[in-house]
Amino acid sequence: MRLREDWLKVLPGQDVVVHLAAETGTGQSMYEIDRYVDVNVRGTSLFLDLIGNKVQGCGSVKRVVVASSRSIYGEGKYKGANGPVYPGARIDADLQEGIFECRDPATGDLVEPLATDEESRIHPSSIYGITKQVQEQLVLVGAAAIGIQGIALRYQNVYGPGQSLKNPYTGILSIFSTLLLQGKDVNIFEDGKETRDFVFIDDVVAATVSAIDADVSGQAFNVGTGEATDVITVASALKDAYGKGGEIRISGNYRIGDIRHNFADLSRAEAAIGYRPRVTFAEGVKRFAAWVLTQQIEDSGYQRSVDEMRAKGLLK
């Protein structure tokens, strides 16, 4: 996406562009900063520049839907003593003591997560999250400036058939699946109670199609299930689905830049683009596992990614 000639092969004559391209490794982004910024940010700015200047037919594009990310929220919204709060990065002293929950920035008390809506504070905790925030802003502001429509979809943790089983940066379902089917142990970071909003690919596709057709512009929408699922549940569900694998172990390790909890408030997406998730996590895992069993299982490179993070001081 950084090569002008590649964009010029695909943009001319198009009415709508769904921009999904990005490097996606949260941990890796913390030590490959230049590459992540170059690919995610520069690639998007080049794309918009070609459209805005109507280079060789690129001016045909009238609408852009960009894949943003829940990572732009960082920790997201939590329930504080006096209303919603937005914790910053967890402190190393707590993590070393096995205190993994977030604290109220004002009182220091431990806090409980709330569904994060689109008006929540934007404060990414990784370089990847920063680049996704910039991608979103480039499209929303840039589209308005050049007179076309732009919309951003803040995808939660997407999974499903078709995702890479060889790339350790595409999500824990692929990582855990590969380990289990190879008979290896699954080592879960922290205490396994950290949660994410896991959304099945079919629901993401439906939301994206709705965003293409909806009569809205200049806005961002969460795309998830609205449900928080902890990581130990994910690992256990996959082991049950495959009926095999090593032990599921709680390692107590933690990564710098990881968040504790985040799940989406979908009210705006439902009202504006008619988005309602249809696939529960239980059903989605069954479909995903059935697909995985049709694939050739190879080394995912996960251990290499872990070794890299440890060497960089990002895995404790």
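Counting from 1, position 86 in the sequence shown corresponds to residue 85 in numbering that gives the first Met the number 0; the numbering is continuous, with no gaps. Cβ coordinates follow ideal geometry from the N, Cα and C atoms, glycine included.
Count Cβ pairs between the segment 18–37 and the segment 110–122 that sit closer than 8 Å; are there 3 or more? By the Cβ criterion, the segment 18–37 is not in contact with the segment 110–122, since fewer than three pairs of Cβ atoms, one from each stretch, lie closer than 8 Å.
Note down, in chain order, each residue of its chain lying with its Cβ closer than 6 Å to the Cβ of V230, except the 5 sequence neighbours on either side. Result list for V230: I187, G191, E193, in chain order.
Are the beta-carbon atoms belonging to G24 and Y168 less than 7 Å from one another? Yes. Within cutoff.
Counting contacts by CB-CB distance shorter than 7 Å, is E193 in contact with chain D? Absence of chain D from the displayed structure is noted, only one protein chain being present.
To the nearest angstrom, how far is the alpha carbon of T106 from that of I258? Going by the C-alpha atoms only, they are around 20 Å apart.
Output the residue ranges of the alpha helix (DSSP H) runs that lie fully inside the segment 230–313 and measure 4 residues or longer, sorted by chain position. Whole alpha helix (DSSP H) segments, 4+ residues: 230–241, 266–272, 280–291, 301–310.
CB V208 to CB V222, shorter than 7 Å? No, Cβ-Cβ distance for V208 and V222 is not below 7 Å.
Whole angstroms are fine: how far does the CA of G161 sit from the CA of N81? Spanning the two alpha carbons is a distance of roughly 44 Å.
Do the segment 135–151 and the segment 209–219 make contact, defined as three or more Cβ pairs closer than 8 Å? Three or more beta-carbon pairs drawn from the segment 135–151 and the segment 209–219 are found closer than 8 Å, and the two stretches are therefore classed as touching.
Using 8 Å as the Cβ pair cut-off and three pairs as the minimum, do the segment 292–306 and the segment 175–183 touch? Here the segment 292–306 lies against the segment 175–183, with 3 or more beta-carbon pairs under 8 Å apart.
Give the single residue among G159, S163, K53, A210 whose Cα lies nearest to the Cα of A270. Selected option, being the one with the closest Cα: A210.
Please determine, among T232, R195, E226, the residue with the shortest C-alpha to C-alpha distance to V185. Measuring from the Cα of V185, the nearest candidate turns out to be T232.
What is the DSSP secondary structure of E135, reduced to helix, strand or coil? In the structure shown, E135 sits in a helix (DSSP, three-state: H, G or I).
From which residue to which residue does the alpha helix (DSSP H) around S67 run? Taken as a continuous stretch (DSSP letters only), S67 belongs to no alpha helix (DSSP H), being part of the beta strand (DSSP E) at 62–68.
I'd like the list of long-range same chain contacts for D116, defined as Cβ closer than 6 Å, with 5 residues on each side in sequence excluded. Its chain contains D264 as the residues whose beta carbon lies nearer than 6 Å to that of D116, once the 5 sequence neighbours on both sides are disregarded; these appear in chain order.
Would you check if the distance between the CB atom of Y253 and the CB atom of E189 is smaller than 7 Å? The criterion of a C-beta distance shorter than 7 Å is satisfied by Y253 and E189.
For the pair the segment 8–17 and the segment 91–104, tell me if three or more CB-CB distances fall below 8 Å. Per the Cβ contact rule, the segment 8–17 is not in contact with the segment 91–104 (fewer than 3 Cβ pairs under 8 Å).
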